[in-house]
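I have placed the structure first, in the form of structure tokens, so that the comments after it can refer back to it.
In the numbering used here, the protein residues as written are 1467 to 1696.
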């Protein structure tokens, strides 16, 4: 009898030691459920999207890419994309061989080059909408550097080219788009001017500081024949 009493006491002691564990299990389960509910209810934090580039308040030029006079840094095999406020549903894409525009699932090549070394956006045609402005190397045998202006709103391109005689550059000065002119194959400008609009047609005005000075040279329409500088 004493042995039975002793065994019973030992069993009760063991059960008494395990009781706290039995209480902890449901508490732990309830805590896990509470944490899961809190995590599920918390809104997902999404990374902020980078703002689209916009014109600076004191500038009429949106600069994008410029590898003029530093071709050694040009990423020949890469591409770059950009969207601007004037065409929120259009993605402009640059590669060393050309600039294209993707809209509504369709991509259109605007102009080509080998390479395209400078691209910016500025209203050259005077309609209040930015045009694509670029400096392009091109040609076969005789390589020239010319300017292309693409009026995307009207799907019309223009070029400023004096093949074998002069090269053209683009640069920004005091918030305005400027043109630098050099003798063919040289880098030191002998003339500067601006791109302006006359009756909706872009013109180059040499020596211009303000509109109305210098001689105006209309840019030529970009066609398949002159698109590659041939």
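Glycine is no exception: its CB is placed at the ideal position from the N, C-alpha and C atoms.
- The Cβ atoms of residue 1626 and residue 1634 lie closer than 9 Å to each other.
- Judged by pairs of C-beta atoms under 8 Å, the region 1635 to 1654 does not touch the region 1542 to 1550, as fewer than three such pairs exist.
- Residue 1618 and residue 1598 have their C-alpha atoms spaced approximately 7 Å apart.
- Of the candidates 1532, 1551 and 1570, 1532 places its Cα closest to the Cα of residue 1560.
- With distances taken between CA atoms, residue 1662 lies nearest to 1685 out of 1685, 1640, 1534 and 1641.
- Pairing residue 1581 with residue 1606 gives a Cβ-Cβ distance that is not under 9 Å.
- About 16 Å separates the beta carbons of residue 1631 and residue 1603, which is beyond the 8 Å limit, so they are not a contact pair.
- Rounded to whole angstroms, the Cβ separation of residue 1589 and residue 1595 is 6 Å, and the two are in contact under 8 Å.
- When only Cα atoms are considered, residue 1566 and residue 1587 end up about 14 Å apart.
- Taken in chain order, the unbroken stretches of beta strand (DSSP E) that lie wholly in the region 1527 to 1581 and span 3 residues or more are 1527 to 1532, 1545 to 1550, 1553 to 1561, 1564 to 1569 and 1572 to 1578.
- When the Cα atoms are used, residue 1552 and residue 1569 turn out to be separated by approximately 13 Å.
- Distances from the alpha-carbon of residue 1609 to those of 1652, 1658 and 1528 put 1652 closest.
- Each residue's CA atom was taken as its position, placing residue 1654 and residue 1639 some 16 Å apart.
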